[in-house]
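All the letters of the sequence shown, read from the start, carry residue numbers -21 to -1, 1 to 245 under mature numbering (1 follows the signal peptide of the UniProt record, and there is no 0). For each residue, glycine too, the CB sits at the ideal point set by N, CA and C. Below is one structure, written out as structure tokens; comments come after it.
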Amino acid sequence: MSVSFMFISLLSMEIITDVEKYLEQNPTVVVVDPIPNVKKLLDRYNCYSIIHATNLHSYGVFTPNFCVLRNDDLDSIREQLTNSLVTYPFICKPILGHGSRQAHEMSIIFDEKYLVDCKTPCVAQSFINHNAILYKIFIVGNKFCFVERPSLKNFHASQRESIYFDSSDVSKADSKSRLSVLDPGDVVKETWEPDPKVMEVIANTLRKSFGMDLLGIDVVIDKSTGRYAIIDVNAYPGFDIVSGYDGFPDFFEAVLECISNKVTSD
């Protein structure tokens, strides 16, 4: 960890502490997203556990099997993967789920002999083939929208070496990543279309479960079953899309309405 990163982290913690003290001293101040709720997004394992505890499964929505790998002991890693039904290939994701560039640095492990590539501590999650299409749900208060983005192509368990990638680069609207190009045998004329009603259920359920009014959710559709898999949850909007808000219609109007509703309800 670099000295500059440590300095920024300490500075960020001081800022958060100052804000928390201010809010404690001024309890009448309305906060759109309370800091304790935002902190839930910092731990991917915690996020997936919250999603798993909802009733979304009754709508054909699930969280791919996952577990935490806390150390480099290969026997321990094998045991955790087996007990949690995590299958190959799986994605290794940093436990830190938001607020840092490092949160997007991931890898795909295809075979047991490459378990040594797992950068622990991390969350291991079964990879779901989804024809390189990702849907991002954006929530602003009681409004939401979803947009299509490129994603990782289909992968299968094999003897190939691990792949390292930055998830934010792969899923950008204008991404040209080679990891998003389907293999010839996977190219299809028809794909699963997202059901707006299911996307609305996901948005409303997770908004309530996380206690957040500004939220982003990453969803993929299993190419074989058509089931919806939630693979990540983040605060919205991110600083990298602050100019365009990633396609959210009438963003400022939605934010003003969200704030107004929050003030009047409190």
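{"query": "If Phe189 sits next to Val212, beta carbons under 8 Å apart, how far is it from one beta carbon to the other, in whole angstroms?", "result": "7 Å"}
{"query": "Three or more C-beta pairs closer than 8 Å, one from the segment 96 to 110 and one from the segment 68 to 87: is that the case here?", "result": "yes"}
{"query": "So which of Ser159, Ser203, Ala182 has the shortest CA-CA distance to Glu169?", "result": "Ser203"}
{"query": "Does the Cβ-Cβ distance between Leu64 and Ile209 come in under 9 Å?", "result": "no"}
{"query": "Does the distance from the CB of Val11 to the CB of Lys241 come in under 9 Å?", "result": "yes"}
{"query": "If I'm right that Phe123 touches Glu172 with Cβ under 8 Å, what's the distance once you round it to whole angstroms?", "result": "About 17 Å; that fails the 8 Å criterion."}
{"query": "Would a C-beta distance cut-off of 9 Å place Tyr207 and Gly39 closer than the cut-off?", "result": "yes"}
{"query": "Less than 6 Å between C-beta atoms, sequence neighbours within five positions excluded: which residues of the same chain meet that for Tyr93?", "result": "Ser141"}
{"query": "Within the same chain, show all residues whose beta-carbon is closer than 6 Å to that of Asp165, passing over the 5 residues directly before and after it, in chain order.", "result": "Asn133"}
{"query": "Assuming Val119 contacts Ala233 (C-beta within less than 8 Å), just tell me the rounded distance between them.", "result": "4 Å"}
{"query": "Helix or strand or just coil, what does DSSP make of Cys237?", "result": "helix"}
{"query": "Express the C-alpha separation of Val8 and Asp201 in angstroms, rounding to a whole number.", "result": "43 Å"}
{"query": "In angstroms with no decimal places, state the Cα-to-Cα distance between Leu194 and Phe117.", "result": "6 Å"}
{"query": "If Tyr27 sits next to Ser86, beta carbons under 8 Å apart, how far is it from one beta carbon to the other, in whole angstroms?", "result": "Rounded, the Cβ-Cβ distance is 18 Å, inconsistent with contact."}
{"query": "Using only the alpha-carbon positions, how far apart do Ser222 and Ser55 sit?", "result": "Note that Ser222 has pLDDT 49, beneath the 50 cutoff, so the model's placement of it is unreliable and the number below is only indicative. Going from the Cα of Ser222 to the Cα of Ser55 covers about 45 Å."}
{"query": "Is the Cβ-Cβ distance between Arg49 and Thr99 less than 9 Å?", "result": "yes"}
{"query": "If you draw a straight line from the C-alpha of Phe(-15) to the C-alpha of Ser130, how long is it?", "result": "Below a pLDDT of 50, predicted positions are generally treated as unreliable, and Phe(-15), at 41, falls in that range; no measurement from the model is reported."}
{"query": "How many Å lie between Asn25 and Asp225 at the Cα?", "result": "26 Å"}
{"query": "Between the alpha carbons of Asn183 and Glu236, how many angstroms are there, rounded?", "result": "17 Å"}
{"query": "Kindly indicate which residue of Ala82, Arg57, Val47, Ala111 has the alpha-carbon position closest to the one of Asp90.", "result": "Arg57"}
{"query": "Distance, Cα to Cα, Val47 vs Ala32?", "result": "17 Å"}
{"query": "In terms of residue numbering, what span does the beta strand (DSSP E) encompassing Asn213 cover?", "result": "207 to 214"}
{"query": "Please tell me whether Leu158 and Val167 are closer than 9 Å, where the distance is taken between their beta carbons.", "result": "no"}
{"query": "Between Ile30 and Leu185, is the Cβ-Cβ spacing less than 9 Å?", "result": "yes"}
{"query": "Where does Cys124 fall in DSSP's three states?", "result": "strand"}
{"query": "Rounded to the nearest angstrom, what separates His109 and Met191 at their Cα positions?", "result": "27 Å"}
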